[in-house]
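For reference, the structure discussed in these notes is given below.
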Amino acid sequence: MPRPQRIEYPHAFYHVMNRGRERQTIFHDERYFQAFLVTLGEAQSRFGCIIHAYCLMSNHYHLLIETPNANLGRIMRHVNGVYTQRYNRLKQTDGPLFRGRYKAILVEKGAYLLQLSRYIHRNPIETQSPLVEDLAQYPWSSYPAYIGQAKAEPWLEREYTYAVLGHRYKFKQYQRFVQGGNDEQLMTFYSKGNTASVLGCSSFKEWVQTQYCTEVTRAAVIQQLQPELDITAIIAAVAAFYDCPISQLTEVNKGPTKGFEGRKVAMYFCQELLAANLRDIAKHFQLGHGGSVSFITHQIRQRQKSDKVFAQLLGEILTFIMKQAA
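For the sequence shown, the working numbering assigns the number 97 to the initial residue and increments by one for each residue that follows.
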């Protein structure tokens, strides 16, 4: 499956995370934490990003970033690259620091953003061994500044979050909000191993897919939008689109429905949208081996390239699958 594309647009919000290689420590003492905060400030000044929240743990970090200029990739290349250089100078070592490509989750504004701010700030006490008893005691998070118990970094933006919270006593209300604990739905989202890259309601996911994914890249990103998709769900959605029984797709037919297009299309999307291997797909379609699936899906791709009407149909089916899974 192709590497998922980064979805970027003006004023998008992201939850950005990265950790050290092999879970190594990336912040050893105050000098390292301060070096990272300086790097964040430089990124804000240089690239015009807005940093709404942060939490730096010993071996990873969390950021809540808004990108007015749709340039998350450039921002994070600076943050990770420059901090790695500073880390190596402090540690008197060299080589890569982070495990690889950072994780970025696109976040819907409003309530989801507010819940994410709380999730980020609660990190120091959500570990197996809490780092502090009181979150206000943890100095390497923006939380103390959010509740008025520490001076905020000059680049930290808090007012938007306060406005979403909608309360005149912003320090006390935000503290009460965070102390209330994480949202259960949000915890379920993150308990899936961050497989999804979009956090928001179904209409927001559909809007992202429609506005920012071309027909070529939709298949590469739809699994980010609907991570609960599996072979059975795709088969059911394709059957609903063609208005036929599921058995017409999954059973080998030798009668009038032999070579039915929907069956081939279902195989195509099972391979295109999932990390399932060919053997598993073949079993669902009562085929003896994965080579048959590979041959059929190759036929679909070739037809997609040469037949514009068919390519448009595949786009419609893809959108339908997403709606069914929402």
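Where a beta carbon is used, it is the ideal one built from N, C-alpha and C, also for glycine.
Own chain, CB closer than 6 Å to residue i, minus 5 neighbours either side, in chain order
i	result
residue 154	121, 123
residue 244	267
residue 416	337
residue 180	193
residue 409	none
residue 135	175, 178, 179
Proximal residues to residue i (C-beta, below 8 Å), its chain only, five neighbours per side dropped
i	result
residue 247	241
residue 335	341, 342, 344, 345, 358, 362
residue 140	146, 147, 251
Nearest to residue i (by Cα), restricted to the options the options
i	options	result
residue 389	365, 278, 411	365
residue 376	346, 401, 337, 181	346
residue 331	368, 304, 308	368
residue 329	293, 380, 349, 185	380
residue 129	285, 265, 175	175
residue 275	186, 177, 163, 218	218
residue 163	186, 402, 108	108
residue 138	156, 177, 110	177
Chain D contact for residue i (CB, 7 Å cutoff)
i	result
residue 210	Any reference to chain D falls outside this structure, which holds one protein chain only.
Supposed contact pair residue j and residue i - C-beta distance, whole angstroms, cut 8 Å
i	j	result
residue 105	residue 200	So it is not a contact: roughly 13 Å between Cβ atoms.
residue 161	residue 151	No, residue 161 and residue 151 are not in contact; Cβ-Cβ is about 13 Å, not under 8 Å.
residue 238	residue 252	6 Å
residue 102	residue 169	6 Å
residue 326	residue 370	7 Å
residue 117	residue 194	6 Å
residue 231	residue 220	6 Å
residue 259	residue 182	Actually they do not touch by this definition, with Cβ atoms about 34 Å apart.
residue 333	residue 400	With a Cβ gap of about 18 Å, residue 333 and residue 400 do not count as contacting.
residue 202	residue 293	6 Å
residue 360	residue 396	6 Å
Residues sharing a beta bridge with residue i, DSSP
i	result
residue 294	202
residue 423	Outside the modelled stretch of the chain, which goes from 97 to 422, sits residue 423, for which no answer is possible.
residue 115	156
residue 252	147
residue 237	151
residue 194	116
Boundaries (first-last residue) of the beta strand (DSSP E) holding residue i
i	result
residue 159	156-163
residue 107	Counting along the chain, residue 107 falls outside any beta strand (DSSP E), and DSSP gives it neither H nor E.
Nonlocal neighbours in the same chain, by C-beta distance under 7 Å from residue i, ignoring five residues either side
i	result
residue 215	278, 282
residue 204	295, 296, 297, 300
residue 172	112, 198
residue 261	210, 269, 270, 273
For residue i, the first and last residue of its enclosing alpha helix (DSSP H)
i	result
residue 412	404-421
residue 268	266-275
residue 327	327-338
residue 362	357-369
residue 344	342-346
residue 380	374-380
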